[in-house]
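Each residue of the sequence shown is one higher than the one before, counting from 4 in this note's numbering. Positions of the beta carbon are idealized from the N, C-alpha and C atoms, including for glycine. Because the structure is a prediction, the values reported are computed rather than measured.
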Amino acid sequence: MDIKNAQQAVDAWIKDHGVRYFNELTNMAQLTEEVGEVARIIARRYGEQSEKESDRNKDLGEELADVIFVVLCLANQTGVDLEKAFQKKLDIKTKRDHDRHHNNEKLKGDV
């Protein structure tokens with residue numbers, strides 16, 4: 004599924020199941036909450052904090068999908084073509100960062 008189709012799928016879901024979009028500020032708060040859930044899993048599973056028993060069954064992919072869902076909601080309700088915006092950002096990063104990362108001494112030992 005491409006980003007445009009994902010935006011359309013979220014919009015259809017909202018219309019069929021969600022009644023309407025939450026307002027932008029509510030969705031921003033929800034995005035923050037979902038990113039926090041991802042951070043908790045990463046910190047405890049891959050970081051130095053011990054993982055609590057209640058967190059062991061959390062699905063990182065599902066939590067990342069929650070983040071994507073809310074981002075798609077925000078894009079839809081603010082009129083952003085996220086596929087176009089993402090491609091533009093990828094082009095900018097490619098031009099700006101190609102040599103920068105290849106010349107970064109800090110990254111050379113991890114190849």
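| field | Local conformation of R47 per DSSP, three classes | value | If DSSP states are grouped into helix, strand and coil, R47 belongs with the helices.
| If you follow the alpha helix (DSSP H) that D19 is part of, which residue opens it and which one closes it? | In the DSSP assignment, D19 falls outside any alpha helix (DSSP H) and carries neither an H nor an E.
| query | Relative to the C-alpha of L67, which residue among R48, A46 and E40 is closest? | reply | Of the listed residues, the one whose Cα sits closest to L67 is E40.
| said: Buried or exposed, going by whether 16 or more other CB atoms sit within 10 Å of the CB of V13? | reply: Buried, because 16 or more other Cβ atoms sit within 10 Å of the Cβ of V13.
| Residues in its own chain within less than 6 Å of L140 by CB, not counting five upstream and five downstream? | Coverage of the chain is limited to positions 4 through 114, which leaves residue 140 absent and any answer about it impossible.
| request: May I ask you to report which of helix, strand or coil DSSP gives K82? | output: Just to set this straight, residue 82 is Gly in the shown sequence, not Lys. In the three-state DSSP reduction, G82 falls in the coil class, being neither helix nor strand.
| query | At which residues does the alpha helix (DSSP H) containing E108 begin and terminate? | reply | Unbroken alpha helix (DSSP H) run through E108: E108 to K111.
| field | Short Cβ contact (8 Å threshold) for I6 with E65 | value | No; because the gap between Cβ atoms is not below 8 Å, this pair is not in contact.
| request: Taking only the alpha-carbon atoms, compute the straight-line gap between I95 and E54 and give it to the nearest angstrom. | output: Taking the straight line from one Cα to the other gives about 38 Å.
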